[in-house]
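**Q** Residue numbers (our numbering): 1 to 215.
The following block contains the structure, expressed as structure tokens.
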């Protein structure tokens with residue numbers, strides 16, 4: 001009887017150990033899922049912000065550090081001549097000193113400065129806008145809703161050293177513009193919108209091997 005009871009007790013202990021082991025495995029699996037979900041959410045919000053780059057080169061800071069900023073070359077715009085000869089080329093240089101791959105776009109808006117609304121309306125209708133050499137439209141048509149977004153899938157990879165990419169915003173007074181618009185000054189504002197690169201449609205490669213794998 002004692003031997004039989006001992007065997008039952010031994011089997012009972014083995015069963016309880018097995019149950020505890022299975023329960024522990026389930027808890028570990030559940031914890032892994034929770035951690036995975038937390039990681040996914042964290043990755044989504046990791047680099048979701050806007051860098052507000054003004055035409056005078058001032059930028060907001062990210063986590064108190066200028067990890068990504070926009071540099072431009074002019075504070076305001078006026079034309080001494082109409083046509084291509086008087087074109088204003090504004091250089092936009094984006095710097096990425098973060099540890100993530102980013103996608104970015106630009107927003108263009110303008111204000112009349114000291115011009116009257118009527119004067120600015122006429123002037124904006126005569127200003128031709130080019131971005132990286134491509135004609136985009138007149139200034140008035142582009143900013144009729146407040147801001148024009150230039151988003152052609154710009155991507156910048158992370159790296160050990162600061163990455164930079166440059167673009168050119170060009171403004172030109174139509175060749176047939178009346179002379180009274182020459183010398184009239186107006187303000188231009190450029191905003192940089194930045195976010196994580198979307199890996200569903202973006203593949204980043206650093207060498208020929210990576211390119212072949214991506215292909």
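Heads up, the beta-carbon is just placed ideally off N, CA and C, and yes, glycines get one too.
Predicted model, so just to flag it, every value in this text is computed and none were measured.
(1) Going by DSSP, name the residue or residues bridged to residue 219.
(2) Taking the straight line between their C-alpha atoms, what separation do you get for residue 96 and residue 179?
(3) Leaving aside the five residues before and after residue 83 along the sequence, list all residues of the same chain whose C-beta is less than 6 Å from its C-beta, in chain order.
(4) When you compare only the Cα positions, how much space is there between residue 100 and residue 94?
(5) Can you have a look at residue 102 and say buried or exposed, based on whether 16 or more other CB atoms are within 10 angstroms of its CB?
(6) Looking only at C-alpha atoms, which of 195, 187, 92 and 131 sits nearest to residue 115?
(7) My guess is that residue 173 and residue 127 are in contact by the Cβ rule of under 8 Å, so how many angstroms apart are they, rounded?
(8) With distances taken Cα to Cα, identify the nearest neighbour of residue 196 among 81, 119 and 104.
(9) Measuring CB to CB, does residue 119 end up less than 9 Å from residue 184?
(10) With a threshold of 9 Å between beta-carbons, can residue 182 be considered close to chain D, or not?
(11) Out of curiosity, what's the CA-to-CA distance linking residue 85 and residue 156?
(12) Please classify residue 141 as buried or exposed, where buried requires at least 16 neighbouring CB atoms within 10 angstroms.
(13) Among the residues of its own chain, which have a CB less than 6 Å from the CB of residue 124, if the five just before and after it don't count?
(14) At which residues does the alpha helix (DSSP H) containing residue 117 begin and terminate?
**A** Looking at the coordinates:
(1) Residue 219 is absent from the model: the chain starts at 1 and stops at 215.
(2) Roughly 42 Å between the two C-alpha positions.
(3) Counting only Cβ-Cβ distances below 6 Å, and skipping sequence neighbours, we find 175.
(4) Counting only the Cα atoms, residue 94 lies some 15 Å from residue 100.
(5) With 16 or more Cβ atoms within 10 Å of its Cβ, residue 102 is classed as buried.
(6) Closest by alpha carbon: 187.
(7) Yes, they are in contact, since the Cβ atoms of residue 173 and residue 127 sit about 6 Å apart, within 8 Å.
(8) The shortest C-alpha to C-alpha distance from residue 196 to any of 81, 119 and 104 is the one to 104.
(9) Yes, the Cβ-Cβ distance between residue 119 and residue 184 is below 9 Å.
(10) In the displayed structure, chain D is absent; only one protein chain is listed.
(11) Each residue's alpha carbon lies about 33 Å from the other.
(12) So residue 141 ends up on the exposed side.
(13) Closer than 6 Å at the Cβ level, and outside the excluded window around residue 124, lie 139 and 140.
(14) In the DSSP assignment, residue 117 falls within the unbroken alpha helix (DSSP H) covering 117-126.
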